[in-house]
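Please read the structure below before turning to the comments.
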Amino acid sequence: MIRVLLVDDQPLIRSGFRALLDLEDDIEVVAEAGDGAEGLALALEHVPDVALVDISMPVVDGIEATRRIAAAPTLAAVHVVILTNYGMDEYVLDALRAGAAGFLVKDVLPEDFLHAVRVAARGDALLAPSITRRLIHRYVAQPVRDTAAATGLGELTGREREAVALVARGLTNDEIAGHMVITPLTAKTHINRAMAKLHARDRAQLVVFAYESGLVSPGGS
Numbered sequence: 002m003i004r005v006l007l008v009d010d011q012p013l014i015r016s017g018f019r020a021l022l023d024l025e026d027d028i029e030v031v032a033e034a035g036d037g038a039e040g041l042a043l044a045l046e047h048v049p050d051v052a053l054v055d056i057s058m059p060v061v062d063g064i065e066a067t068r069r070i071a072a073a074p075t076l077a078a079v080h081v082v083i084l085t086n087y088g089m090d091e092y093v094l095d096a097l098r099a100g101a102a103g104f105l106v107k108d109v110l111p112e113d114f115l116h117a118v119r120v121a122a123r124g125d126a127l128l129a130p131s132i133t134r135r136l137i138h139r140y141v142a143q144p145v146r147d148t149a150a151a152t153g154l155g156e157l158t159g160r161e162r163e164a165v166a167l168v169a170r171g172l173t174n175d176e177i178a179g180h181m182v183i184t185p186l187t188a189k190t191h192i193n194r195a196m197a198k199l200h201a202r203d204r205a206q207l208v209v210f211a212y213e214s215g216l217v218s219p220g221g222s
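FYI, the numbering for the sequence shown is 2 to 222, going by my numbering.
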């Protein structure tokens with residue numbers, strides 16, 4: 002059973018998402034919150050598999066709520082999915098840095114919404130190639146290089162670096178395996194080891210790391 006926490010200051014939005022989730026046999030909404038502070042408290046109480054968090058809320062916004070959830074040792078297994086009204090909110094990149102597994106646009110189709118919840122529960126990042134391209138566009142406009150991230154590259158093997166670079170391009174495990182001429186299981190192993198070495202919660206943070214460290218660059222690799 003996938004346990005979900007809804008965090009949004011708009012009751013109508015919460016009720017709409019809950020109505021969809023309640024129809025599914027494998028999903029259970031364990032709690033609802035109207036702001037980030039309440040969301041954190043309920044996350045600590047219920048420890049959900051997935052927290053759907055609105056990016057813009059009173060008291061504590063979605064980014065800070067995500068940061069606090071990611072920092073809580075008992076919530077290490079909680080996958081935060083940011084909810085936004087826009088295709089690429091200007092704060093989404095900050096949310097990914099804070100520890101979000103990805104994001105959803107609020108007008109997403111019901112079937113895509115349900116699929117996204119299941120994807121997040123598995124620990125996979127909600128970063129389709131189209132979303133990755135938008136992230137790259139942000140780096141074109143505002144390139145960022147982080148010294149600590151660059152230092153982290155030294156912890157990776159050559160094959161792990163290659164796998165992370167391909168993750169940053171938005172490739173799936175199967176596509177990475179084909180590119181590297183290895184099995185999908187081996188590709189997943191390289192990615193998981195890189196995540197462990199870099200203390201990344203998920204693939205979304207690998208994408209951010211790849212660009213901040215200079216492992217890949219906009220328009221190149």
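C-beta: ideal position from N, C-alpha, C; glycine also. From a predicted model like this one, the values you see are computed outputs, not experimental measurements.
- Contact between Leu186 and Ala195 does not hold, since their C-beta atoms are separated by about 15 Å, which reaches or exceeds 8 Å.
- Here Ile177 carries a helix assignment [DSSP, helix/strand/coil].
- The beta-bridge partner set that DSSP reports for Ile28 consists of Ile3.
- Here the alpha carbon of Arg15 sits roughly 7 Å from the alpha carbon of Leu7.
- Beta bridge pairing from DSSP links Leu105 with Leu84.
- Looking only at Leu157, Asn86, Asn193 and Ala205, the smallest Cα-Cα distance to Gly171 is reached by Ala205.
- Residue pairing by DSSP puts Asp55 in a beta bridge opposite Leu84.
- It is roughly 14 Å from the alpha-carbon of Ala101 to the alpha-carbon of Gly40.
- Bridge partners of Ala34 according to DSSP: Val8.
- With contacts defined as CB atoms closer than 8 Å, Val217 and Ile192 fail to qualify as a contacting pair.
- The distance from the Cβ of Leu76 to that of Leu43 is about 11 Å, inconsistent with a contact at the 8 Å cut-off.
- Residue environment analysis places Ala72 among the exposed positions, since fewer than 16 neighbouring C-beta atoms fall within 10 angstroms of its C-beta.
- Taking Met2 as the centre and dropping the five residues before and after it, the same chain places the C-beta of Asp27, Ile28 and Glu29 closer than 8 Å to its C-beta, in chain order.
- With fewer than 16 other beta carbons inside 10 angstroms of its own, His200 counts as exposed.
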